[in-house]
Structure formats: C-alpha cells, structure tokens
Amino acid sequence: MNAFRTSIFITLAAACPFGAQVFAQASKKQPPPRNAPAAPPAPMQRKQSAQRPQPQQRPQTPPPNARTPQFGDPLPGLTRRELQEFNDGKVEFENVETEASGLGPIFNGFSCVICHSAPAVGGGSVFNVTRFGHTTNGVFNPLTSLGGSLLQEREINSAVHEVVPPEANVVAQRNTTPLFGLGLIEAIPDAEILRHVKRRPVDGVLGKVSQVQDVATGRTMIGRFGWKAQIATLLTFSAEAYVNEMGITNRLFPVENAPNGNAQLLSEYDTVADPEDTLDARGRGDIDRIAEFMQWLGAPPRLPLTPNAIAGRGLFQSTGCANCHVPVMRTGQNRSASLRNKEVWLYSDLLLHDMGTLGDGIAQGTADVRDMKTAPLWGLRESAPYLHDGRAATVDEAIKAHDGEAKAAKDRYLKLNQRQMDQLLEFLGTI
C-alpha cells in the first residue's frame, strides 16, 4: 500500500496547520472522474470555538541539559524495539492515503494526522464528525441501512456524496479527542475501573462500565475509548478508524461502508480489492503500526503547581469534580516496563454517566442516548474547544454546561467566588 502514498511532510511544508490549506484548495476543484485518483478532500466541519486557553503560570526554565517533556513525546523508558515501533507507527500515522491505496469511496479524512495534530502529532484538531439516527419512544435506531450512525463527509467522486437522511431526527457532532497516553489507559486492569462503580448513588453520581464485544480479541471487555466508551482495545480503535474515517477495509473490518447504504454505488466506485490494508511479511498491516504508535505515545506533560493551583486542587475535590474525574489510576502487570505498575493521572473513571441534557442523543453499545464517558482531563490546556461537540470555548463554559449526574458538582462550582473559580481553573490548566 505504501507505494501509492505521499508523505504528509510534503503537505505540511505547504500548509499549516496540518492539512488546512490542502483542504481549502481541494474544495475549489471539480470532482474527479470515475476511477481517477482522488484529490485531497474539502474542509471538514470546523468547530466554532477553537481558541486554546493559556495556563496562567509557565513552568520555570529547566537546567541547560534537561529536557522538559512535550506533547507528542513517546513514553519514557521505551526499549529500542518499542521506540522503533513508535517511530514506524508515527510515519504511518502521517501518511496520506489515496484512492489507489483504498481511500474511500466515502471518508472523513485522508490521513490520521489530519484529525489528530494539535498541539502535536497524536493530539486533537479543529474538526468534528457527525453522527445521526432516529429515536422513537425513547428507542434509538442508528439507521445503519441509510449509512448511519457515522456520516462520511468526503468522497472520491461527487456521485457518492453522503448526506444526513431525512429519516434522521437526531444529529450530533463529535469532537476529535487527543490520543496522548492511550497505551497507559489500555494497560489499566478492569478491576481498577470496576473499583469506581458505585453500588448506590454518591452525590448523585453512579456510573456504569461499558461492556463491548472487542473485535480484535473476540472477548467481552470493558470499553474505555471513544465518547461512549464503545471501544476496548487500541487495535480495534485503529481498525475501526481506518474503515470508518478513511474508508480503508482491513482484516478486522473487511466490509466497506456503502454511501448512504447504497450497495450499487459502492460496487461501482469501490475498485480496490478488500481488505485494502494489506499485510507485510510478518502478517502485520497499517492498523497494527497505528495501534503501536498510540500504545507508546506519552501522556500529556503536567505543569508545576503554583500556590493558586494547589488551592484549586483542593476545590476540585471539595466541589465533587473528582467523583467522576478520578485523578489517578494504576496500570497492572505488563510485558513492557514502560506500562507496568504506572500511575496514570488521567482524571477520569472511564465510566458511563447519565449526563441529562448534555447527552448527545446517540446510543452506542451499552451507552444510552444520555450516557457519556467521563472525558479524561489530562492535557486540558491544549484540547479546546470542550465537551463532546466542542460547544464550549472555555473550561468555565464546559463546567457550567454539565448536567445529570454532574449537576451537584456544577452547582457547587457556581457557588464559588471568583477567586476560587480562578484557582480551580488554574489547577485544571496544569494537569
């Protein structure tokens, strides 16, 4: 497959941020004829509020020979082989797919890095994706036969352009999430997550695990990735993104998405044999390399705590934010020393919670329409805008939008004086 690709670095040399000008130029071109190589797609939907808050206090300058950890760094202490897997996976992550390599016929992006580049490779982006479905008497239908629930907004030819069907009465935006530290999250034992499930509501908070049938292992596992905790392993995460976001079939998902469910259009415009992610001599495909890149990608670096941030940390606990945004979990035994028995300062219980009006109306797996996974807060200072649909430009706005099981904590936040609010927000800017 790599023979048909162009390095993303060439694209980035001409466009900054990642792919933005490429998208803009492509939007002016006429749709390519059938079977012609696809031009880079038009811009995906931009979030309205993409300004990132700046921390109020910067870390002190380190000694000349010290290196401050950065977003996008690999995990510390990787072996030579693990570091090579990280670097090889990063190259794959930045590669640009083409129609000849299996892109499309419908897709959302032509490279992983297009949607995961801020503030570094593996982060988030200014793009949302769209989910849709139909709800009748509280029962959600993903409208799979009409191409749901994920809308692929780009195509190799205008003849296969997807739209939200008129049958949909639920349409939701999904914010692109950063991938930093996902290997550590994958290494957290199920028992550690189950420890935070409450038998009875505490301060209105209950929480439940997302039970999913993992495609990669064939086992029922606890989901921990995605806004609905609908994915359990990084390999499944990688494979699902390949087929759903880029239209590249693979050994785990060998069936292509038909444009709005139209099998005739699919057969006419999908000319690359499935699975499109071909295997190398070791039996590994691109989805394996992407999974390894995510596995070895480091956690967001934390900033030093100022006196105000220390006070804010106490307020984070006393307001009840930590009931769901559990500060730290611990990994278990692991073949890699970099993942074994490590503290993971993720600020999430990885559970599903009924968020009331903040739910997105989409059901996935065991997650109901009002259920959302507790979003990890680490790296918050570099992941604006906030919430599942990017509606909040600031952390303050995001807190004030909380509802359902988080309402009691929000109400306590609203009772803080301005100085206390600032202290809490300053703390969140360090994690």
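In our numbering, the protein residues as written are 167 to 597. We put the beta carbon where it would ideally sit given N, CA and C, even for glycine. From a predicted model like this one, the values you see are computed outputs, not experimental measurements.
Residue environment, residue i, which counts as buried when at least 16 other CB atoms sit within 10 Å
i    : result
G392 : buried
S592 : Ser is not the amino acid found at residue 592; the sequence shown has Glu there. Classification of E592: buried, given that the 10 Å Cβ count is 16 or more.
L316 : buried
N583 : exposed
I476 : exposed
V492 : buried
V330 : buried
R455 : buried
L546 : buried
L360 : exposed
E248 : buried
E333 : exposed
T383 : exposed
A439 : exposed
T523 : exposed
G464 : buried
Y579 : buried
N303 : exposed
A395 : buried
Q461 : buried
Bridge partner(s) assigned by DSSP for residue i
i    : result
R297 : L316, A338
G290 : A284
I476 : According to DSSP, I476 bridges with nothing at all.
Q530 : A533
K539 : L518
M495 : V510
Q377 : I388
F306 : T301
L463 : P240
V371 : V368
Segment limits, beta strand (DSSP E) that includes residue i
i    : result
M387 : 386 to 389
L518 : 518 to 520
Coarse secondary structure for residue i, derived from DSSP in three states
i    : result
T227 : Its pLDDT being 43, under 50, T227 is placed unreliably in this model, and the value from its coordinates should be taken loosely. T227: coil per DSSP, three-state reduction.
L244 : coil
A284 : strand
K154 : Since the displayed the chain opens at 167 and closes at 597, residue 154 lies outside it and no answer follows.
I597 : coil
Q236 : coil
K566 : helix
T399 : coil
T383 : coil
E328 : coil
A216 : Note on A216: pLDDT 38, under 50, position unreliable in the model; the coordinate value appears next. If DSSP states are grouped into helix, strand and coil, A216 belongs with coil.
I453 : helix
F276 : coil
E321 : strand
A407 : helix
A205 : Low per-residue confidence applies at A205: pLDDT is 46, beneath 50, and the placement is therefore not dependable, though the value from the model is reported in the following sentence. Three-state DSSP puts A205 in coil, outside helix and strand.
A266 : helix
V363 : coil
A559 : coil
Q187 : At Q187, the pLDDT of 39 sits below 50, so the modelled position is not reliable and the matter cannot be decided from this model.
K194 : Any reading at K194 must be qualified, since the residue scores a pLDDT of 33, below 50, and its modelled position is unreliable; no value is offered.
R200 : Residue placement at R200 is flagged as unreliable, the pLDDT there being 39, under the threshold of 50; a coordinate-derived value is accordingly withheld.
Start-to-end residues for the alpha helix (DSSP H) that takes in residue i
i    : result
Q589 : 584 to 594
S311 : Where S311 is concerned, there is no enclosing alpha helix (DSSP H), given that its DSSP letter is neither H nor E.
K573 : 573 to 580
D440 : Looking at the DSSP string, D440 is not in any alpha helix (DSSP H), and its letter there is neither H nor E.
G349 : 348 to 352
Y435 : 429 to 435
I359 : 356 to 360
Contact belief for residue i with residue j at Cβ below 8 Å, rounded distance in angstroms
i    : j    : result
I322 : L269 : 7 Å
S514 : P542 : 4 Å
G347 : L512 : 7 Å
D352 : T402 : Looking at the sequence itself, residue 352 is Glu, so the reference to Asp does not match. Their Cβ separation, rounded to whole angstroms, is 11 Å, which puts E352 and T402 out of contact at 8 Å.
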